[in-house]
Amino acid sequence: MHQKLDQSGNETFNKGVLMNAGVKEALKDNDYHCFIFHDVDLIPEDDRNLYSCPSEPRHMSVAVDKFNYTRTETTFSPSNRKGCIVHSTPRVACQLNALLAESILLIIQLPYSYLVGGVFAITKAHFVLVNGYSNLYWGWGGEDDDMAYR
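In this note's numbering, each number is its position in the sequence shown, counted from 1, plus 11.
So, in structure tokens, the structure goes:
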């Protein structure tokens with residue numbers, strides 16, 4: 012199911028209210044267990060993006076052109092697995108390095124580590140646990156960072 016939500020009237024925009032209302036309306040139709048919040052101005056560059064909800068909430072728009080992201084491709088094979096990936100935390104990098112046989116890993120740096128804006132996947136259980144998005148943020152910004160802290 013896809014929903015496009017708009018706020019009527021001339022009041023200041025409140026994205027948190029709209030997203031919470033979208034979930035509430037969707038749950039009237041079906042007992043959905045996965046919600047993906049997608050800004051309409053973000054177009055996927057890669058059709059291999061998985062629109063699903065893993066066990067933990069997932070930020071899905073790590074490479075946004077307005078943040079001037081950099082894209083690094085690294086090829087791993089059994090013969091060149093020396094050390095760890097340097098564009099990640101050491102623990103995660105070493106785990107990835109140990110698991111990969113022959114594949115390409117795209118390494119993209121987020122503008123800041125707690126970013127969840129743009130495209131965000133969350134299960135119904137997690138959404139309910141954090142009480143949805145905050146309704147306190149009027150105008151652009153804030154609601155996604157608040158969600159990240161939750």
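No residue lacks a Cβ here, since even glycine has one placed at the ideal position from N, Cα and C.
Put simply, the backbone Cα of residue 158 is about 6 Å away from that of residue 144. Residue 139 sits away from residue 72, with the two beta carbons spaced by 7 Å or more.
In the structure shown, the three-state DSSP call for residue 51 is coil. Apart from sequence neighbours up to five positions away, the residues of its chain that approach residue 49 with a beta-carbon distance below 6 Å are 130, ordered along the chain.
Distances from the CA of residue 133 to each of 51, 28, 68, 161 were compared; the closest alpha carbon is that of 68. Contact between residue 146 and residue 51 is absent: CB atoms are separated by about 21 Å, not below the 8 Å threshold. When the five nearest sequence neighbours on each side are left out, the beta carbons in the same chain lying within less than 6 Å of the beta carbon of residue 30 are those of 48, 144, in order along the chain.
Between residue 18 and residue 25, the beta carbon gap of about 7 Å places them in contact (Cβ cut-off 8 Å). Boundaries of the beta strand (DSSP E) harbouring residue 130: 130 to 134, taken from the DSSP string.
DSSP links residue 161 through a beta bridge to no other residue. Here the alpha carbons of residue 128 and residue 53 stand approximately 11 Å from one another.
Secondary structure of residue 46 (DSSP, three-state): strand. Short of 8 Å from the beta carbon of residue 23, and not among the five residues preceding or following it, lie these beta carbons of its own chain, in chain order: 149, 150. Distance from the CA atom of residue 137 to the CA atom of residue 21, rounded to whole angstroms, is 32 Å.
Residue 44 is not a Cβ neighbour of residue 126, given a cutoff of 7 Å.
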